[in-house]
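Chemist: Sharing a structure, written as structure tokens. Questions coming.
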Amino acid sequence: MDEARLNDFMGKLVNDMGGAAMLANVILGEELGLYRAMADSQPVTPEALAEKTGCNTRLLREWLSAHAASGYMEHRDGQFRLPEEQALALAIEDSPVYVAGGIGVVASFFHDKDKLVNAMRGNGALPWGDHHPCMFSGTERFFRPGYKAHLVSEWLPALDGVVAKLESGAKVADIGCGHGASTVIMAQAFPNSRFVGFDYHAPSITVATQRAEEGGVSGRARFFQGTAKSYPGDDYDLVCYFDCLHDMGDPVGAAKHAYESLKPDGSVLLVEPFANDTLDANTTPVGRLFYAASTFICTPNSLSQEVGLGLGAQAGEARLRKVFTEAGFTQFRRATETPFNLILEARK
Numbered sequence: 092m093d094e095a096r097l098n099d100f101m102g103k104l105v106n107d108m109g110g111a112a113m114l115a116n117v118i119l120g121e122e123l124g125l126y127r128a129m130a131d132s133q134p135v136t137p138e139a140l141a142e143k144t145g146c147n148t149r150l151l152r153e154w155l156s157a158h159a160a161s162g163y164m165e166h167r168d169g170q171f172r173l174p175e176e177q178a179l180a181l182a183i184e185d186s187p188v189y190v191a192g193g194i195g196v197v198a199s200f201f202h203d204k205d206k207l208v209n210a211m212r213g214n215g216a217l218p219w220g221d222h223h224p225c226m227f228s229g230t231e232r233f234f235r236p237g238y239k240a241h242l243v244s245e246w247l248p249a250l251d252g253v254v255a256k257l258e259s260g261a262k263v264a265d266i267g268c269g270h271g272a273s274t275v276i277m278a279q280a281f282p283n284s285r286f287v288g289f290d291y292h293a294p295s296i297t298v299a300t301q302r303a304e305e306g307g308v309s310g311r312a313r314f315f316q317g318t319a320k321s322y323p324g325d326d327y328d329l330v331c332y333f334d335c336l337h338d339m340g341d342p343v344g345a346a347k348h349a350y351e352s353l354k355p356d357g358s359v360l361l362v363e364p365f366a367n368d369t370l371d372a373n374t375t376p377v378g379r380l381f382y383a384a385s386t387f388i389c390t391p392n393s394l395s396q397e398v399g400l401g402l403g404a405q406a407g408e409a410r411l412r413k414v415f416t417e418a419g420f421t422q423f424r425r426a427t428e429t430p431f432n433l434i435l436e437a438r439k
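In structure tokens, the structure reads:
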């Protein structure tokens, strides 16, 4: 046995245990409004924060100390400070790097552990709708900041001629729309176009409809329950998949239906988790996160549906290209990328 190697691994494991415990503390702080109360980056004592938030002083002291020990906050002379950089990630929901709300996705892994045990010992299937409710809200809050930061300003302009169509008036289908974050953002940016979101999860359609009303676009963004292989229409200028195609049991069938539903000069916008084409190339912090999430969410959902291809969240561009080539598309390219996403375009 290599004792140094053992010690190194134990260090990694203890660090991960601390990280997992801190994520639970982040969820606690987000729900209680503690980060928002510290968003001005001014030093605060536990007593002052307790008075401001109505929380227990002694528990706040422990919570703040955990943040200081983790490097999430600064501590000096009994006062704690949330620096501006950390506030962008933890307190400011309009920030493009806000992640606190999305950590509910990780919480669902623990809620759903017994379901995954059964899936592992069975056929691998766990449908999306069978997850804990915090999965759905967490997914919306994890992806929405990135969509707000990049979708209209970068991703759509990277497609061939799509923005001009949207400005003049296009018909758009958002497949696997979830709570409708991407649909609403596009509808707000392009008032001359019409948007239809489809998702097979009925409770998500209810929430998406509410989001459209809250966003002032209910007249231009509508939502319906439907699958990626059966939604109606054959005259779409743009069909979108936001972080969902790899979750589907039959992504080739979904892409074929998109091919049939598009106008001759239409486009597909495919947004997928960032991935290279091999496991070795994906041994990165982002790859680690997405493989772990795929174990609990993406792959079990795919295995719960017909075909059950099980692409997984780290499918990579080459595998996704094969899906669209099999579906009949002749053009497929990487339009742009972010550290978290591949933005791909397919055309007939």
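Numbering-wise (the numbering used here), the sequence shown opens with residue 92 and increments by one.
Here a beta-carbon is modelled for each residue, glycine too, at the ideal position from N, C-alpha and C.
1) Taking E153 as the reference, which of H292, K206 and P137 has the closest Cα?
2) Name the one or two DSSP bridge partners that Y238 has.
3) Please report how far the alpha carbon of L123 lies from the alpha carbon of A115, in whole angstroms.
4) State the Cα-Cα distance for the pair P294 and S132, rounded to the nearest angstrom.
5) Opposite N432 in the DSSP bridges: which residues?
6) Counting along the chain, where does the alpha helix (DSSP H) carrying Q279 start and finish?
7) Compute the Euclidean distance between the alpha carbons of A303 and F286, then round it to the nearest angstrom.
8) How about the stretch 355-367 and the stretch 330-342: do they share at least three Cβ pairs that are nearer than 8 Å?
9) Exposed or buried, Q405, counting other C-beta atoms within 10 Å across all chains shown (16 or more means buried)?
10) Is the stretch 402-421 touching the stretch 372-391, taking contact as three or more C-beta pairs under 8 Å?
11) Do A372 and V414 have their beta-carbon atoms positioned less than 9 Å apart in this structure?
12) State yes or no: is the C-beta of M277 within less than 9 Å of the C-beta of A312?
13) Is the number of C-beta pairs between the stretch 236-250 and the stretch 196-207 that are closer than 8 Å three or more?
14) Quick check on the DSSP output: the alpha helix (DSSP H) that includes C389 runs from which residue to which?
15) Distance, Cα to Cα, Q301 vs G378?
16) I'd like the list of long-range same chain contacts for P355, defined as Cβ closer than 8 Å, with 5 residues on each side in sequence excluded.
17) Could you spell out where the beta strand (DSSP E) holding Q316 opens and where it closes?
18) Given 8 Å as the limit, is there contact between the stretch 216-225 and the stretch 193-200, that is, 3 or more CB pairs closer than that?
19) Rounded to the nearest angstrom, what separates A319 and V243 at their Cα positions?
20) Rounded to the nearest angstrom, what separates I183 and D93 at their Cα positions?
21) Would you identify the three-state DSSP class for Q133, choosing helix, strand or coil?
22) Assuming contact is defined by CB atoms lying nearer than 9 Å, are R232 and G192 in contact in what I supplied?
23) Do you know offhand how far Q170's Cα is from L151's?
Modeler: Reading it off the structure:
1) Against the sequence shown, residue 153 aligns to sequence position 62. Ranking H292, K206 and P137 by CA distance to the CA of E153 puts P137 first.
2) For the purposes of this step, residue 238 is identified with residue 147 of the sequence shown, where counting begins at 1. None; Y238 has no bridge partner.
3) By 1-based counting over the sequence shown, the position of residue 123 is 32. By 1-based counting over the sequence shown, the position of residue 115 is 24. Distance between the alpha carbons of L123 and A115: 12 Å.
4) Your numbering for residue 294 matches position 203 in the sequence shown. Your numbering for residue 132 matches position 41 in the sequence shown. If you take the alpha carbons of P294 and S132, they lie about 38 Å apart.
5) Here the question's residue 432 lines up with position 341 in the sequence shown. N432 pairs with P364.
6) Locating residue 279 in the sequence shown gives position 188, counting from the first residue. A272 to A280 is the extent of the alpha helix (DSSP H) around Q279.
7) Taking the sequence shown and counting its residues from 1, one reaches residue 303 at position 212. Taking the sequence shown and counting its residues from 1, one reaches residue 286 at position 195. Each residue's alpha carbon lies about 11 Å from the other.
8) yes
9) The residue given as residue 405 occupies position 314 in the sequence shown. When all chains shown are included, Q405 counts as buried.
10) yes
11) What you label residue 414 is simply residue 323 of the sequence shown in a count that begins at 1. What you label residue 372 is simply residue 281 of the sequence shown in a count that begins at 1. In this structure, A372 does not lie closer than 9 Å to V414 by Cβ.
12) Your numbering for residue 277 matches position 186 in the sequence shown. Your numbering for residue 312 matches position 221 in the sequence shown. Contact flag set, yes.
13) Taking 8 Å as the limit for Cβ pairs, the verdict is that the stretch 196-207 does not touch the stretch 236-250.
14) Residue 389 sits at position 298 when you count from the first residue of the sequence shown. For C389, the uninterrupted alpha helix (DSSP H) segment begins and ends at C389 to L394.
15) Looking up residue 301 in the sequence shown gives position 210. Looking up residue 378 in the sequence shown gives position 287. Approximately 33 Å, taken between the alpha carbons.
16) As a position in the sequence shown, residue 355 is number 264, starting the count at 1. Around P355: K439.
17) Reading the sequence shown from its first residue, position 225 is the one you call residue 316. It spans A312 to Q316 - the beta strand (DSSP E) in which Q316 sits, taken as one unbroken run.
18) yes
19) Walking along the sequence shown from the start, residue 319 turns up at place 228. Walking along the sequence shown from the start, residue 243 turns up at place 152. Rounded to whole angstroms, A319 to V243 spans 23 Å at the Cα level.
20) Here residue 183 is taken as the residue at index 92 of the sequence shown, counted from 1. Here residue 93 is taken as the residue at index 2 of the sequence shown, counted from 1. Distance between the alpha carbons of I183 and D93: 46 Å.
21) Position 42 of the sequence shown, counted from the start, is the residue given in the question as residue 133. Here Q133 sits in coil by DSSP.
22) Stepping through the sequence shown from its first residue, residue 232 is reached at position 141. Stepping through the sequence shown from its first residue, residue 192 is reached at position 101. In contact: R232 and G192 (Cβ atoms closer than 9 Å).
23) The residue you call residue 170 lines up with position 79 of the sequence shown. The residue you call residue 151 lines up with position 60 of the sequence shown. Cα-Cα distance, rounded: 12 Å.
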